[in-house]
Every structure is written in C-alpha cells, then in structure tokens.
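Below is one structure, written out as structure tokens; comments come after it.
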Amino acid sequence: MGGKDGSSAQMFPSVWRGDFRSKAEFDATAGHRAAAFEVFDWLDDRVLFSRHPFTYKAYCAACDAVSAMRVGWEFGGAGARGSVHPAWTETVACGTCHLNSRMRALIDFLKTRTDLSAVSRAYAAEQTTPSFRVLQRLLPSLAGSEYLGPQFKSGETRLHARNALNVQRVRHEDLTALSYADAAFELAITQDVFEHVPDYRKAFAELARVLTPDGRLVFTIPFFSDLAATRVRAKVGPEGVTHLLPAEIHGNPVSSEGSLCFQNFGWDILDDLRSSGFADAFGSLYWGPWQGHMGFPFFVFCASKGAC
Ligand SMILES: [Zn+2]
C-alpha cells in the first residue's frame, strides 16, 4: 500500500483489495471470499442489530484524517433472504467531507493507484456535487459537467439553482457525444453514471477518445458480481423508453425526478471497455471497516488506454 502523494494513509491498515479482470478471475477466489464473508456477515449482524443509524470512527481517504462515519438506512432495504441492511456503498458518510463509502473508495484509488501529480488535465462527469468539490481539491485542473437534458448541446452552459442562495453555471455534456477535443484529458472520472446511459458502449468510446494515449478512466457503477452479462432493464428506441424490467430510479443532483437505471452491470463491462479503445480494464475490490468501507465488498473500476 502507500499513497503516492505521501498521505498518512500509509500509517493506517490498508483496505482489503483485489484486482479482477474477468468473472473467471473473480470466481477463482470464491473459496477465499466465502471465508472472508463469514467475517463480514458476523460483523454486519452485530452492527445492524439495532437497525438505527449510528456513527463510528474510521480513516477517511478524502480528508486524510480519522473522522466520524455515519451509517444510515436512508437508501437501505430488505435484501436477499429477508435481511435488512443499508445500501452500503451509499452510506458510511464521513462527518467532515460528507462523502459516502464508494466516493471515498474512488478517492483512495486515485490517491494510491494513480500518479495525480502527473495529471495536468482531468474531467469528471459531475459538477454540482459535494464530491466534485473534494475532487477539485485533489485535481485543481478538474473540468466538470452534468447531463441537463436532451434539449441541450454538449458544451452549452446553463445557470442551475440548487436553492435561492446557491446558483451555479453548469456545463452540459452528453457522454455519448462529448464536445471536448481528442486527447484533451489524462484522467476521466464518473461516479454511478453509466447505468443511466442507454448506449454506455458509445460513452466508453467517447471517453477513450478524449483521453490521452496513456489516459485512464476511473469510475464506480452499481455492479453485480454474480452476473457474467449485463442485465438490461430498459431500452430507448424511436418510440421512447421500453421497460424490460420494473423501473429503477436513482437520485440525480440536477433533477428532482431522478434518473432511470437502464442496466445492471455484470463482468462483460470489462470486455466492452476493452473493445471501446481501452487496452486494459479491471475492477478493484474494496472492503475495510477501518477506512469506512463496511458491508458487502464493492468495486472501483479502472480502464486504461495504455498499460495499467
Ligand atoms: Zn472525509
């Protein structure tokens, strides 16, 4: 382990992490994971017994400090076999930076697995979020955008009011038709965006286009590690949206109506990335209560145009 930025993360235990380039690689570790899951399950049972929000102290990679992490049930629900648990990636929010488990994991990945000092131009497919402001502190050159609707052209800006006191000029970008030049960025970041893009393969190709020859895409998605093939929930055609499965709506920072989830990603997303202009792609597993990653292990993904 050890942060390339020299952060004090080196002083803390590492998260439990493993890189996987295919379902076969992941499945080959099933025995080890089953043993680890016994530990997680026991811990979860104790932690969740009260079914009330609570805080505990853990190391936050974004703040580079120990802070109070709040575990809440806001996004939770009944899971498999009737268990009731929080949506783990969406909670364990740091009391200082307010970033949840998956957002802090992405920042840990950037700090420990990429050389941020070599990044002079970076892009994030978000602009109005608390995590954008934290990312901007790490990457001063960071450009951001939101998807404002089909009536806008990529590159257009609009005033967006979160409330009467908070009005911001926001850039619109459609990930499947970016306005940026080829090789404009060394690093691109998206957080839980691709599941809302019906033609996500086109978005991968567009992001590959705007990245430099050794550029990287680092992202999170709701990921289903038991699925070999991505499960399509809804499609867009000439007649509009066709639902193949019940509609699943996620929160959207620029729309109170939320965003439709078009697909639940499985392992073939790595093949799609490799056939969209990226030389390498992998999912990096995260778990570690001491860094505020509780519950089920989840993944930060990295696709690289050069060698990872
Ligand atoms: Zn924090």
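Here the sequence shown is numbered in the numbering used here, starting from 21 and rising by one per residue.
Glycine included, every Cβ here is placed at the ideal spot set by N, Cα and C.
Beta carbon of residue i, beta carbon of residue j: below 8 Å?
i: PHE74; j: VAL238; result: no
i: LEU290; j: ARG133; result: no
i: SER86; j: VAL112; result: The residue you asked about is not Ser; residue 86 is Val in the sequence shown. Not closer than 8 Å, so no.
i: HIS216; j: SER279; result: yes
i: ALA201; j: LEU231; result: no
i: GLU193; j: SER140; result: no
i: GLY297; j: ALA208; result: no
i: LYS131; j: GLY235; result: no
i: PHE224; j: THR250; result: no
i: PRO273; j: GLU110; result: no
i: VAL320; j: LEU119; result: no
i: PRO3; j: PHE282; result: Residue 3 is absent from the structure shown; the chain starts at 21 and stops at 328.
i: LEU162; j: LEU136; result: no
Identify, in the order they occur along the chain, each residue of the same chain with its Cβ nearer than 7 Å to the Cβ of residue i, setting aside the five sequence neighbours on each side.
i: ALA181; result: VAL187
i: LYS43; result: ALA248 and TRP287
i: ALA88; result: THR75, LYS77 and GLY115
Over what stretch of residues does the alpha helix (DSSP H) that includes residue i continue unbroken?
i: ALA187; result: The amino acid at residue 187 is misidentified as Ala; the sequence shows Val. VAL187 -> not in any alpha helix (DSSP H); beta strand (DSSP E) instead, spanning 186-191.
i: HIS52; result: 50-68
i: GLU215; result: Looking at the DSSP string, GLU215 is not in any alpha helix (DSSP H), and its letter there is neither H nor E.
i: SER42; result: Counting along the chain, SER42 falls outside any alpha helix (DSSP H), and DSSP gives it neither H nor E.
i: THR132; result: 121-133
i: ARG71; result: Taken as a continuous stretch (DSSP letters only), ARG71 belongs to no alpha helix (DSSP H), as it is neither H nor E.
i: LEU136; result: No alpha helix (DSSP H) holds LEU136; DSSP gives it neither H nor E.
i: ASP202; result: Taken as a continuous stretch (DSSP letters only), ASP202 belongs to no alpha helix (DSSP H), as it is neither H nor E.
i: ASP194; result: Run containing ASP194: none; DSSP gives neither H nor E here.
With residue i as the anchor, note down where its beta strand (DSSP E) starts and where it stops.
i: VAL320; result: 313-324
i: THR109; result: Note, THR109: premise wrong, no beta strand (DSSP E); not H, not E.
i: SER276; result: 275-280
i: ALA88; result: 85-91
i: THR177; result: 177-183
i: ASP300; result: 300-308
i: HIS270; result: 269-272
Check whether the Cβ of residue i sits closer than 7 Å to any heavy atom of ligand 1, and report yes or no.
i: CYS83; result: yes
i: SER87; result: yes
i: LEU293; result: no
i: LEU119; result: yes
i: CYS80; result: yes
i: THR109; result: no
i: THR331; result: Nothing can be reported for residue 331: it is not among the residues displayed for the chain, which extend from 21 to 328.
Kindly list the residues whose CB is nearer than 6 Å to the CB of residue i, restricted to its own chain and excluding five residues on each side of it in sequence; keep chain order.
i: PHE32; result: TYR79
i: PHE214; result: TYR220 and ILE241
i: PHE316; result: TRP108
i: MET123; result: SER151
i: LEU265; result: ARG253
i: ALA184; result: none
i: ASP39; result: PHE302 and SER304
i: ARG66; result: none
i: THR210; result: ALA145 and PHE239
Going by beta carbon distance, what residues of the same chain come within less than 8 Å of residue i, once the five residues before and after it are set aside?
i: ARG178; result: LEU168, PHE172, ARG189, VAL190 and HIS192
i: VAL261; result: ALA254, LYS255 and LEU280
Just list the beta strand (DSSP E) runs in the region 230-267, keeping only unbroken ones of 3 residues or longer that don't cross its boundaries, in chain order.
231-240, 254-257 and 260-263
If we require 4 or more residues per run, which alpha helix (DSSP H) segments fall completely within the region 141-175?
150-158
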